[in-house]
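Numbering (the numbering used here), first residue to last: 52 to 455.
We put the beta carbon where it would ideally sit given N, CA and C, even for glycine.
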Ligand code: SF4
Ligand code: SF4
């Protein structure tokens with residue numbers, strides 16, 4: 052099994068939970084292709100539809116109430132908060148749902164993958180294929196990130212009930228909730244309650260990175276592989292925070308307006324998980340938590356994340372974490388041809404060969420940089436401290452651009 056063992060560093064953020072649900076402003080990214088239904092000066096309420104993303108036909112909803120301003124370059128909708136909060140109360144539970152009802156609910160609530168991919172959930176379930184297995188991904192295999200763990204611990208019953216509704220509606224035969232081995236808190240919370248649900252199993256997966264990668268999970272849990280999507284093998288994979296967003300849509304008719312995000316790292320003054328509105332500027336949350344000087348700020352995990360843009364970056368449904376790590380000078384040395392990057396690449400490509408040929412499209416055609424999942428193992432494992440992942444990403448972008 053390909054994978055590396057990383058220090059978990061999870062305990063740092065598990066002790067503290069905060070909510071920051073009334074930001075002064077939110078900034079909701081839009082594109083020129085989106086259909087915008089509001090104009091500057093309009094007053095909107097929390098949850099109102101501001102437009103539709105044309106790429107996936109998903110609603111763009113306001114995460115707070117307030118006054119609209121559309122940016123001059125039409126790249127975001129700014130809402131200035133007027134403090135009018137909406138309270139979502141639990142609705143009377145239905146016994147049965149039709150597939151069409153759940154699909155419409157997933158779509159209109161704007162549910163998308165919250166593990167990092169951001170793919171619309173209604174599309175995963177709008178399949179003509181038979182779904183035999185639902186894998187709920189609660190692995191969070193990158194160090195520091197605990198937002199999924201906190202979500203499970205806080206909402207175990209709602210998560211299990213929602214899985215049960217999805218299984219019943221789509222006639223799914225089995226569900227496997229995947230957690231990392233040696234997560235006693237999660238194991239206890241889930242096992243105690245999942246025993247009441249006959250077709251839901253909790254499985255521990257090895258403590259290796261990138262075990263939370265969809266393909267690795269399917270290989271490990273179902274001993275199979277697929278070409279493009281797990282549904283080819285009758286499998287749907289949902290992140291556990293996505294399941295919780297579905298739960299809120301089903302039980303509270305609440306669209307996806309907020310999420311739990313981990314703020315952690317050795318240079319975060321008060322590491323914690325924060326419930327925060329979509330569209331909140333990350334810099335405003337960092338001001339509250341406090342960051343030590345000489346920090347490198349990362350959006351996402353230490354392996355797959357990228358440098359945070361303090362001016363621009365806002366919380367998105369796919370934002371799992373923000374890290375403040377001590378800044379380090381990294382000095383690259385020449386490649387010693389040890390082959391470790393290739394041996395350990397989960398996508399089975401050759402990062403060093405791609406790096407050496409990153410401008411040669413003819414050679415790149417045979418090296419398949421498009422298969423890179425940006426896991427960062429090649430850079431992490433390289434004894435020469437070469438930023439191999441970054442070079443592979445450049446090659447990937449080059450080949451993708453070529454196909455457009
Ligand atoms: S080439 Fe891509 S997939 Fe392979 S190890 Fe490097 S970052 Fe991961
Ligand atoms: S791991 Fe680093 S030193 Fe080893 S072959 Fe890859 S790039 Fe070269």
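**Request:** Measure from the alpha carbon of residue 118 to the alpha carbon of each residue in 102, 94 and 98, then state which is nearest.
**Result:** One-based indexing of the chain shown puts residue 118 at position 67. Among 102, 94 and 98, the Cα nearest to that of residue 118 belongs to 94.
**Asked** Who are residue 87's beta bridge partners in DSSP?
**Response** One-based indexing of the chain shown puts residue 87 at position 36. Residue 87 has 102 as its beta-bridge partners, per DSSP.
**Request:** Have a look at 428, 437, 402 and 407 and flag the residue whose alpha-carbon is nearest the alpha-carbon of residue 421.
**Result:** If you number the chain shown from 1, residue 421 lands on position 370. Cα-wise, what sits closest to residue 421 is 402.
**Message:** As a quick exercise: from 283, 130, 123 and 322, pick the residue whose alpha carbon is nearest that of residue 112.
**Reply:** Sequence index remark: in the chain shown, residue 112 carries index 61 (1-based). The shortest C-alpha separation from residue 112 is found at 130.
**Prompt:** Under 8 Å, do residue 256 and residue 201 count as touching if we go by C-beta distance?
**Reply:** As a position in the chain shown, residue 256 is number 205, starting the count at 1. As a position in the chain shown, residue 201 is number 150, starting the count at 1. By the CB criterion at 8 Å, residue 256 and residue 201 fall outside the cutoff.
**Request:** Using only alpha-carbon positions, find the residue among 207, 440, 182 and 246 that is nearest to residue 236.
**Result:** On the chain shown, position 185 is the one that residue 236 refers to. Closest by alpha carbon: 207.
**Asked** How long is the line joining the alpha carbons of residue 452 and residue 103, rounded to whole angstroms?
**Response** Here residue 452 corresponds to residue number 401 of the chain shown, with the count starting at 1. Here residue 103 corresponds to residue number 52 of the chain shown, with the count starting at 1. In a straight line, the C-alpha of residue 452 is about 26 Å away from that of residue 103.
**Item:** the stretch 158-175 in contact with the stretch 243-259 per 3-pair CB rule at 8 Å
**Value:** no
**Request:** Report, in whole angstroms, the separation of the C-beta atoms of residue 435 and residue 383, which I expect to be a contact under 8 Å.
**Result:** In the chain shown, the residue the question calls residue 435 occupies position 384. In the chain shown, the residue the question calls residue 383 occupies position 332. Rounded, the Cβ-Cβ distance is 6 Å, consistent with contact.
**Request:** Measure how close the beta-carbons of residue 211 and residue 245 come, nearest whole angstrom, since I'm counting them as under 8 Å.
**Result:** One-based indexing of the chain shown puts residue 211 at position 160. One-based indexing of the chain shown puts residue 245 at position 194. At roughly 6 Å, the Cβ-Cβ gap stays under 8 Å, so residue 211 and residue 245 are in contact.
**Request:** Enumerate in chain order the residues of its own chain whose CB-to-CB distance from residue 455 is below 7 Å, with the five nearest sequence positions on each side excluded.
**Result:** For the purposes of this step, residue 455 is taken as residue 404 along the chain shown, with counting starting at 1. The predicted position of residue 455 is uncertain, since its pLDDT is 46 and thus under 50; a value taken from the coordinates is nonetheless stated next. Around residue 455: no qualifying Cβ.
**Request:** Could you pull out every residue in the same chain whose Cβ sits closer than 8 Å to the Cβ of residue 264, ignoring the five residues on either side in sequence?
**Result:** Against the chain shown, residue 264 aligns to sequence position 213. Counting only Cβ-Cβ distances below 8 Å, and skipping sequence neighbours, we find 192, 397, 424 and 426.
**Request:** Could I get the ranges of all uninterrupted beta strand (DSSP E) runs contained in the stretch 129-184, with 3 residues as the minimum, in chain order?
**Result:** none
**Request:** Tell me the start and end of each unbroken beta strand (DSSP E) in the stretch 361-430 that is at least 3 residues and wholly inside, in chain order.
**Result:** List check, beta strand (DSSP E) in window: 372-377.
**Message:** For residue 352, which residues in the same chain have their Cβ closer than 8 Å to its Cβ, ignoring the five residues on either side in sequence?
**Reply:** For the purposes of this step, residue 352 is taken as the residue at position 301 of the chain shown. Around residue 352: 193, 194, 195, 196, 371, 372 and 374.
**Prompt:** Any idea what DSSP makes of residue 117, helix, strand or coil?
**Reply:** Walking along the chain shown from the start, residue 117 turns up at place 66. In this structure, residue 117 counts as strand in the three-state DSSP scheme.
**Asked** Exposed or buried, what is residue 343 when buried is set at 16 or more other beta-carbons lying within 10 Å of its beta-carbon?
**Response** Translated into positions along the chain shown, residue 343 becomes position 292. Burial call: exposed.
**Prompt:** Run through DSSP, which three-state label would residue 74 get?
**Reply:** Taking the chain shown and counting its residues from 1, one reaches residue 74 at position 23. Coil.
**Sequence-distant residues of the same chain with beta carbon closer than 7 Å to residue 419, five excluded per side** = If you number the chain shown from 1, residue 419 lands on position 368. Excluding residues within five positions, the ones whose Cβ falls inside 7 Å are 400.
**Item:** residue 276 in three-state terms, based on DSSP
**Value:** One-based indexing of the chain shown puts residue 276 at position 225. In the structure shown, residue 276 sits in coil (DSSP, three-state: anything other than H, G, I, E or B).
**Asked** From residue 348 to residue 262, what does the alpha carbon distance come to, in whole angstroms?
**Response** Taking the chain shown and counting its residues from 1, one reaches residue 348 at position 297. Taking the chain shown and counting its residues from 1, one reaches residue 262 at position 211. Between residue 348 and residue 262, the C-alpha separation is close to 24 Å.
**Request:** Examine ligand 1 and report whether any of its heavy atoms sits within less than 7 Å of the Cβ of residue 189.
**Result:** By 1-based counting over the chain shown, the position of residue 189 is 138. Incorrect: residue 189 has no Cβ contact closer than 7 Å to ligand 1.
**Prompt:** Apart from the five residues on each side of it in sequence, which residues of its chain come closer than 8 Å, Cβ to Cβ, to residue 369?
**Reply:** For the purposes of this step, residue 369 is identified with residue 318 of the chain shown, where counting begins at 1. Only 163, 164, 165, 166, 167, 168 and 169 meet the Cβ criterion.
**Request:** With DSSP collapsed to three states, give me the class of residue 56.
**Result:** Working through the chain shown from its first residue, we reach residue 56 at position 5. Residue state, collapsed to three classes: coil.
**Asked** Within 7 Å: the Cβ of residue 182 and any heavy atom of ligand 1?
**Response** Numbered from 1 along the chain shown, position 131 holds the residue referred to as residue 182. Answer for residue 182: no, Cβ out of range of ligand 1.
**Prompt:** Quick one: does the C-beta of residue 397 sit closer than 7 Å to a heavy atom of ligand 2?
**Reply:** Position 346 of the chain shown, counting from 1, holds the residue named residue 397. Not one heavy atom of ligand 2 falls within 7 Å of the beta-carbon of residue 397.
**Request:** Report, in whole angstroms, the separation of the C-beta atoms of residue 365 and residue 333, which I expect to be a contact under 8 Å.
**Result:** Looking up residue 365 in the chain shown gives position 314. Looking up residue 333 in the chain shown gives position 282. So it is a contact: roughly 6 Å between Cβ atoms.
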